[in-house]
Structure formats: C-alpha cells, structure tokens
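For what it's worth, my numbering labels the leading residue of the sequence shown as 44, then goes sequentially. Glycine is no exception: its CB is placed at the ideal position from the N, C-alpha and C atoms. Right, one structure below, let's go through it.
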Amino acid sequence: MQFRELGLNKPIVKAVTESGYENPTLVQEKAIPLVIENKDIIVSAQTGTGKTAAFALPILQKLFDKQDASKKGKKIRALIVSPTRELAIQIEENFQKYSKYTNLRTGIIYGGISFEPQKDMLRKGVDILIATPGRLLDLHKQDAVHLDFIETLVLDEADLMLDMGFIDDISKIEHLCPVDKQQLLFSATMPYKVVELAKTVLKDPVKIEVAPTSSTVKGVQQLLFYVPKPEKIELCLHLLRNSIKGSVIIFRRTKYGVDKLEKTLLKNNYKVDSIHGDKTQLLRQEALQKFKKGDINILIATDVAARGIDVKNIDTVINFDIPNISETYVHRIGRTGRAGQNGSAFSFCSADEKDYIISIQKLINKQLDVIEDHPYPLDPKAKPEVHKSPNSSKYRKGRKSEASKKKKKRWY
Ligand code: AMP
C-alpha cells in the first residue's frame, strides 16, 4: 500500500516521502481513510507503531482541503491533547514535518514555562494546537485560546492521561469544543476506564487495534536476572562494564530511585542523565536532547516521564525495578528493537518482585530467558524483605511526609 492510495494530497505525500517513509504502517493504513471520512475512532496502539502520523496526516489532509488563504485570523480547527510535555513536543515536531508544503500552522502549549510566548503564538493564529490539559485550561480561562471552531479533537495516550488524573480536565476540554466535532482516541492499553471514557465522548467509534499489549516487540532479546535488591547496583555496573554497549535506558519506579542510581553511575564516570516528574521542563528537555544527540549514552527514567518518547536506536533497556503493572513492561521494552532493529531488555528481579515476573510472563505469553551465570545471584529460597513496622522504616519520613501528602505530590 502507498500513501497516495490512502487519499492524501501531493504536498503531504511529498513531506512523508522526505521523512523517509516508504509505506504506511498498519495503524496508518487503517486509521487514515477513516479519519478522512470524518469517523470517530478508538485506537489501541503503542508509540513506535507510527500512530502519530496516523492522526496527523489525515488531519492535515482535511484542513489542507479547506485551508484559509490568509494567515491572519486563523482559527484552531484541530486540537491534540497529550498527557506529557515531551510527548506534546514530539507530536508538534511531527506536524511541522508533515505540513512543510502546506500553509497550515501548528502551535504548542504546555506548562512549566512562561505564558507570554504561548499567548503571542495564539494571537497570531494556528490551525492545529497541541496542548497538555492543565495549560490549555489555564489559557482558556484567561481567554487566550478559543476552541469554538475545533473540527477534530485527538486524545493521545488516553490511558496515561487517566492514570495521571486528567479525567476531569479532559471532560472540561471536550465540553469546550463544539458538540459535532470528530474525536479520535489513542491509547496504548485499553483498560476498563478508557473504554468507559470512550463510551462517553465518542460517537459510534470504529475500533482499531494494531498491537495488543500482550505482543512484545519482535527482535528484542529479553533476559532476566534474579538478584538481591541491595546488589542491583553492582549488577548494573557489572553489566555496563562487560556486556552492555551503546545507548541504554534504565527504568526505575520512583524519582528517589532514579536520583540514587544517577549519582552512582556519575561517580563511576558514566555519561548519564535522568528524567522524572520533579525535574523542570528545561532539565528534562536537555537530558533528552543530550541522549538523542549521543552526548550521553545512559538515560535513567521513571515510566511516566519516559512514556511515549520516541528516541531512535536504543540498544538496551534495563528494568532496574520490575514494574508492578505488566503492561508497563511491554511499554518499556518497546523502546528498543524499534523499526526492525534488534535490541535487548535486561530485567533485574529481587525476591519481592517474583510475582510481577509471573504476571508479565502471563501477559506476554512467553518465559523470559533467565541468566544464572552472573556474580550476584539470588538465593532461590530468599524471602521478600519485610519492613517490620512502618514507624521503624528509615525511609518513612522521606517517602511520604504530611506535607507531601497534603500536596498530593506525584511519585513519578
Ligand atoms: P510513533 O508511533 O508515532 O511514535 O512513531 C514512531 C516512529 O516511526 C517515528 O520516529 C516516526 O517518524 C516513524 N514512522 C511513522 N510512520 C512511519 C512509516 N510509515 N514508515 C517508517 N517510519 C515511520
């Protein structure tokens, strides 16, 4: 199948060809004609499947067909809501790339930076707006953004959006747009709450499922190391020294864990940086840029901070902590072995994480290859460590102070 056959115009096909894409991916093949036909769709697809172009190309196509001649007084006609800033930036880069040979203008708004440049951009007018929910509502309150002419609303990474507590924001945004808009919902996984959301916002949607989360990425070598929790750092250093080459993403469950590991790797002279929810937008962007450019080859991240980020050529993913949600494992290892390249995923499992491995193996319907030949083996009879009393835990205060509970700070 060719992009032309999907009903895309020349300027868009030209930009796509220049991006180096030869054929549409499966999700593009299925979604593009439906979006052009004005259907609502609910798509279950992960990052890496080409899902951004699956909504960006037909949106551009539709807007291109009716584009304003003048640049003045442009009205926002497509709105893409994304849960994280990084993802929003990535989506915007995609729109810029594909709209190169059109007059269509794309803008982006997200929190953590000053309002003024964003207001300026909105005043000048854009056809397509990419936004994170909080900043969008803030700017709407200030009367700086108008959603009365939205023709297509995209909710990207809907599952993450709900996990991050954006349900009310999404509902507000949906109501601020015209009733008869087209809606596209993309989600990596389809838990019950996403299905329920879809029922309330979409009109008779067509379902598209390209890669069920249970199918792990082909070409990724998945290795499992049983290791006592306190020795995970040693195992990590051992593998970095002896087995792991190239670019590496290391996933940890908490910000605290990310910072701790980063310090150790820096002490050992590794070129490393990190991203998590406590870092400023600027620092997160810098870390990503350094990683993308190859100035550093190790990036440590929490799941939420790294979700959806498209970094090419990652050789290895390390699951330093085993995720307690099995789908997260699939997302993490989906970072490597992209676009037909081979990659490796190393998982470090301590005694208290064994149950997580059992669930993961069930989900992916595959046993991970256990590597027994390493210097920090876990005694098969080792029992999970249990904190005797919450009051005696040395981490208790640092982990959840009264102040942090009040602030409801995120842990990712
Ligand atoms: P996404 O799933 O949208 O994050 O896209 C993952 C990567 O695939 C991005 O780097 C895109 O540039 C790339 N991509 C998207 N569509 C195609 C295509 N049809 N052929 C080759 N690469 C593509």
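Residue pairing for LYS250: DSSP places it in a beta bridge opposite ILE85. Here the distance from the Cβ of GLN104 to the nearest heavy atom of ligand 1 is not below 8 Å. When secondary structure is reduced to three states using DSSP, CYS392 falls in the strand class. No heavy atom of ligand 1 is found nearer than 8 Å to the CB of PRO101. GLN226 places its beta carbon less than 9 Å from that of ASP83.
Annotation: the continuous alpha helix (DSSP H) that includes ILE79 extends over 69 to 79.
Boundaries of the alpha helix (DSSP H) around TYR299: 298 to 310. Here ASN362 is bridged, per DSSP, to PHE294 and SER390.
Shown here, VAL197 sits in a strand according to DSSP, grouped into three states. Under the DSSP definition of a beta bridge, VAL124 partners with ALA174 and LEU198.
The beta carbon of LYS162 lies closer than 6 Å to those of ALA187 in the same chain, with the five residues before and after it left out. Annotated three-state conformation of TYR269 is strand, per DSSP.
For GLU61, the distance from the CB to the nearest heavy atom of ligand 1 is not below 8 Å. Taking C-beta atoms as the reference points, LEU267 and ASP412 count as a pair closer than 9 Å.
Distances from the CB of ASP353 to the heavy atoms of ligand 1 include at least one below 8 Å. Beta-bridge analysis with DSSP links LEU283 to no other residue. Judged by DSSP secondary structure, ALA96 falls within the alpha helix (DSSP H) whose first and last residues are 94 to 108. DSSP lists SER87 as the beta-bridge partner residues of SER230. For THR149, the uninterrupted beta strand (DSSP E) run begins and ends at 149 to 152, by DSSP. Following the DSSP letters along the chain, one finds LEU342 inside the beta strand (DSSP E) bounded by residues 341 to 344. Counted as a single uninterrupted DSSP element, the alpha helix (DSSP H) harbouring SER402 occupies residues 397 to 407.
The continuous alpha helix (DSSP H) containing ILE55 extends over residues 53 to 61. Rounded to the nearest angstrom, the gap between the Cα atoms of LYS272 and SER393 is 5 Å. The beta carbon of PRO221 is closer than 7 Å to those of ASP191 and ILE193 in its chain, skipping five residues each way along the sequence. Inclusion of THR149 and ILE171 in the CB contact set at 9 Å is warranted, their separation being smaller than that value. Judged by beta-carbon spacing, GLY262 lies beyond the 9 Å limit of ASN66, meaning their Cβ atoms are not closer than that value. The three-state reading of DSSP puts GLN133 in helix, counting H, G and I together.
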